[in-house]
Amino acid sequence: MAVIYERLAIIGCGLIGGSVGLAARKRGLVAQIVGCARSEATRESALACEAVDYATADPVEAATGADLIYIAAPVGTIPVVLEQIAPVVELGCTVTDAGSVKASICREGNRFMPASFIGGHPMAGSEKTGVHAAHPDLFVGRSYILTPQDADEELLARLMEFVKALGAVPHVTSPEEHDQMVAQTSHLPHLWASALALSLAVAPPDTVSAVSGWDELVPFVGSGLRDTTRIAASDPVLWRDIFLSNRDNVLRACEAAGQALEQLRRAVETGDADGLTALLGNAKAFREYLTTTAGGVDMTSPGLKLAIDGPAGAGKSTVARDVAKALGYIFIDTGAMYRAVAYFAMQQDLAPGRDDEAIGELAGTLAYEFRNVGDERHLFVDDQDMEAVVRLPEVGRLSSPVSAIPLVRHNLVVAQRQMAAGGGIVMEGRDIGTVVLPDAEVKVFLTATPQERARRRYRQLRDMGMEVSFEDILNEQNVRDQRDSSRAVAPLKKAADASEICSDGMSREEVVETIVKLVQERQGA
Numbered sequence: 001m002a003v004i005y006e007r008l009a010i011i012g013c014g015l016i017g018g019s020v021g022l023a024a025r026k027r028g029l030v031a032q033i034v035g036c037a038r039s040e041a042t043r044e045s046a047l048a049c050e051a052v053d054y055a056t057a058d059p060v061e062a063a064t065g066a067d068l069i070y071i072a073a074p075v076g077t078i079p080v081v082l083e084q085i086a087p088v089v090e091l092g093c094t095v096t097d098a099g100s101v102k103a104s105i106c107r108e109g110n111r112f113m114p115a116s117f118i119g120g121h122p123m124a125g126s127e128k129t130g131v132h133a134a135h136p137d138l139f140v141g142r143s144y145i146l147t148p149q150d151a152d153e154e155l156l157a158r159l160m161e162f163v164k165a166l167g168a169v170p171h172v173t174s175p176e177e178h179d180q181m182v183a184q185t186s187h188l189p190h191l192w193a194s195a196l197a198l199s200l201a202v203a204p205p206d207t208v209s210a211v212s213g214w215d216e217l218v219p220f221v222g223s224g225l226r227d228t229t230r231i232a233a234s235d236p237v238l239w240r241d242i243f244l245s246n247r248d249n250v251l252r253a254c255e256a257a258g259q260a261l262e263q264l265r266r267a268v269e270t271g272d273a274d275g276l277t278a279l280l281g282n283a284k285a286f287r288e289y290l291t292t293t294a295g296g297v298d299m300t301s302p303g304l305k306l307a308i309d310g311p312a313g314a315g316k317s318t319v320a321r322d323v324a325k326a327l328g329y330i331f332i333d334t335g336a337m338y339r340a341v342a343y344f345a346m347q348q349d350l351a352p353g354r355d356d357e358a359i360g361e362l363a364g365t366l367a368y369e370f371r372n373v374g375d376e377r378h379l380f381v382d383d384q385d386m387e388a389v390v391r392l393p394e395v396g397r398l399s400s401p402v403s404a405i406p407l408v409r410h411n412l413v414v415a416q417r418q419m420a421a422g423g424g425i426v427m428e429g430r431d432i433g434t435v436v437l438p439d440a441e442v443k444v445f446l447t448a449t450p451q452e453r454a455r456r457r458y459r460q461l462r463d464m465g466m467e468v469s470f471e472d473i474l475n476e477q478n479v480r481d482q483r484d485s486s487r488a489v490a491p492l493k494k495a496a497d498a499s500e501i502c503s504d505g506m507s508r509e510e511v512v513e514t515i516v517k518l519v520q521e522r523q524g525a
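Note that our numbering has the sequence shown beginning at 1, numbered continuously upward.
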C-alpha cells in the first residue's frame with residue numbers, strides 16, 4: 001500500500017497505540033513512527049517490537065513535525081495531552097484519539113485545534129494491556145468509530161483511508177450518539193462482568209466461596225464463568241475513568257440491565273416456566289444475531305482459531321459448518337475460495353501451467369466475503385454468490401492445479417489470515433494448520449478411507465441432480481490426493497500438533513461433538 005502519512009506520532013504506546021504502529025508498519029502506511037510513553041520500559045518494549053522507530057517521554061517532542069498524531073492515552077489524560085501539543089500542531093496535521101468516551105474529549109479537541117481534531121474509537125482490544133500484547137491485525141474486520149465535528153473534510157477523508165488500510169471498517173457519528181451506544185455495548189458489559197466477579201469475591205456467608213474460600217470454588221468453575229468475567233481482568237484505573245467520564249449514559253444502561261435481571265429473577269422466583277423460556281429465548285436470539293452481523297465478526301468475544309485440515313471428501317466443510325454453529329463461531333470455507341478463483345480463471349480462458357501469473361494476479365484482485373444467505377453461509381466474490389458454481393465438478397477438478405500456483409496461494413492466504421485475525425473462527429482446507437494458521441489454538445486433521453470419501457461425494461452430487469459414476473469419483477479423488485500431498489507449495493499434511501479424526505463409522509453429529517469438545521477443553525485450559 002502507498003504511504004498515507006509521512007510522520008506518525010503515537011502518544012501512548014500500549015495495546016492500541018502499539019497495534020496502530022505495528023499495523024501501519026506492516027502495511028507500509030507511514031514513513032516514520034515516533035512513540036511517546038512515560039515509562040522507559042514501555043519505550044524500550046515499543047522499540048524492541050518495532051512498533052515505533054523512535055521513542056520519547058515528551059509528547060510535545062513526539063508531536064512536532066507529525067502529520068498524524070494518534071493519542072492512545074487513558075481517557076482522563078487525553079484533554080491534558082491535547083492542551084500540551086496544541087502549540088506544535090501544524091497546518092494539515094490530523095490529530096485523533098482512541099478514547100472510548102467522545103463527548104468530553106471532542107469538546108477539548110475542538111477547543112484547542114478545531115480544524116485538526118477528529119475523535120476516534122476503534123472497537124477492538126483485549127483485557128490484556130501493554131505494548132507486548134499489541135498485534136498488527138488487531139483492527140482487521142473491526143468497527144472503527146470516527147466523530148468529526150469541525151474538522152477539515154480533506155483531513156477526514158485521509159484519516160478514513162488510513163483506518164480502512166488498517167483493516168478496520170469506519171463509521172461516522174456524533175460524539176453524543178457514540179457515548180450513548182458504547183455505554184450499552186462496551187461500558188455496561190465491563191461493569192456487568194465486574195459485578196459478577198465481585199459477587200463471587202465477596203459472596204454472602206451461606207455460599208460455598210465464603211465458607212471454603214476461593215480455592216474451593218475453582219473445581220466448580222467452567223468456561224461459562226471464565227468467558228463471562230474475562231473482561232473484568234481489565235485495568236481498573238482505565239475503566240474507572242471511562243465509567244465516570246460517561247456516567248449518565250452508563251447509569252441509564254445499568255437501569256435497563258437491572259430491569260432485565262429483575263424480569264429473569266421474578267420468573268425464576270414465581271416458577272414462570274413459559275416466561276423464563278421466552279426471556280432466555282430473546283437473549284439467545286440477540287447473541288446469535290451478534291455473531292452473524294458486522295461482516296460476520298463476533299463483537300462479543302474473540303474466541304479461538306480452529307483449523308480443520310484433511311483430504312477431499314472427508315466432510316470438512318459440512319463438519320466445519322456444524323462446529324462453527326455449535327460454538328457460535330464464524331465458518332470460513334477456504335476451498336470455496338480456491339474454487340472461485342478456478343471458476344473465474346475458466347471464465348477468462350486462463351489455464352494452469354500456461355497462465356499461472358495471470359491467474360495469481362486474478363486471485364489478488366477479487367474481493368472475497370462470506371455472507372449469510374438464510375441459514376447458510378455463502379462465499380460472495382465481487383458481490384456474486386458463488387455457492388452453486390464452486391460445487392461444479394469441472395470447477396473442482398481445476399481448483400487443485402490452480403491452488404498449487406504460488407501467487408494464488410499467497411494472495412488467498414493473506415485474505416484468509418485477515419478473516420481469521422479476530423479469532424472465533426473455524427477454517428477448513430488442506431494446509432490451514434500448517435501454513436495459513438500455524439498459530440491456531442486447536443487443529444484437527446479430519447480424514448476417512450478413500451472408498452468412504454468417494455461414496456460421500458457420489459451421494460452429494462447425485463442429490464444435486466448430477467449424473468456421475470462412483471468409479472469416476474474415486475479415480476478423480478485418488479489423482480487429487482496424490483497431487484495435493486506431493487505438490488511443492490503447501491502440500492496436504494497433518495500438522496504435528498493436530499488431533500487426527502478418522503470418521504469411518506462415525507455419524508456427522510459424533511464428529512462434530514468430538515471437535516467441539518476439543519475446543520471447549522482448550523478454552524478451559
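Glycine is no exception: its CB is placed at the ideal position from the N, C-alpha and C atoms. Since this is a predicted model, take the numbers as computed values, not measurements.
- In terms of Cα proximity to residue 57, the closest of 39, 66 and 188 is 39.
- A direct Cα-to-Cα measurement between residue 148 and residue 183 gives close to 19 Å.
- By alpha-carbon distance to residue 162, the top candidate from 398, 276 and 8 is 8.
- Taken atom to atom, the span from the alpha-carbon of residue 172 to that of residue 151 is near 13 Å.
- Taking all protein chains in view, the Cβ of residue 221 is surrounded by fewer than 16 other Cβ atoms within 10 Å, so the residue is classified as exposed.
- If you compare the alpha carbons of 120, 341 and 140 with that of residue 156, the shortest gap goes to 120.
- In the three-state DSSP reduction, residue 369 falls in the strand class (E or B).
- Under the DSSP assignment, residue 306 falls in the beta strand (DSSP E) whose first and last residues are 305-309.
- The segment 339-357 and the segment 455-474 do not touch, with fewer than 3 CB-CB distances between them shorter than 8 Å.
- Per DSSP, the unbroken alpha helix (DSSP H) holding residue 84 starts and ends at 78-85.
- As DSSP reads the structure, residue 377 sits in a beta bridge with 372.
- Taking residue 144 as the centre and dropping the five residues before and after it, the same chain places the C-beta of 122, 163, 168 and 170 closer than 6 Å to its C-beta, in chain order.
- Out of 447, 391, 199 and 519, the CA that lies nearest to the CA of residue 316 is found in 447.
- Residue 60 holds the alpha-carbon nearest to the alpha-carbon of residue 81 among 68, 60, 64 and 101.
- If you draw a straight line from the Cα of residue 75 to the Cα of residue 432, it is about 40 Å long.
- In terms of Cβ geometry, residue 192 and residue 283 do not form a close pair [threshold 8 Å].
- The criterion of a C-beta distance shorter than 8 Å is satisfied by residue 68 and residue 5.
- When DSSP states are grouped into helix, strand and coil, residue 494 belongs to the coil group.
- Here residue 285 is exposed: its Cβ has fewer than 16 other Cβ atoms, across all protein chains shown, within 10 Å.
- In the DSSP assignment, residue 443 falls within the unbroken beta strand (DSSP E) covering 442-447.
- With respect to the C-alpha of residue 522, the residue from 509, 511, 499 and 510 having the closest C-alpha is 499.
- Under the three-state reduction of DSSP output, residue 484 falls in the helix class.
- DSSP lists 95 as the beta-bridge partner residues of residue 117.
- A distance below 8 Å separates the beta carbons of residue 419 and residue 332.
- The distance from the Cβ of residue 35 to that of residue 71 is about 12 Å, inconsistent with a contact at the 8 Å cut-off.
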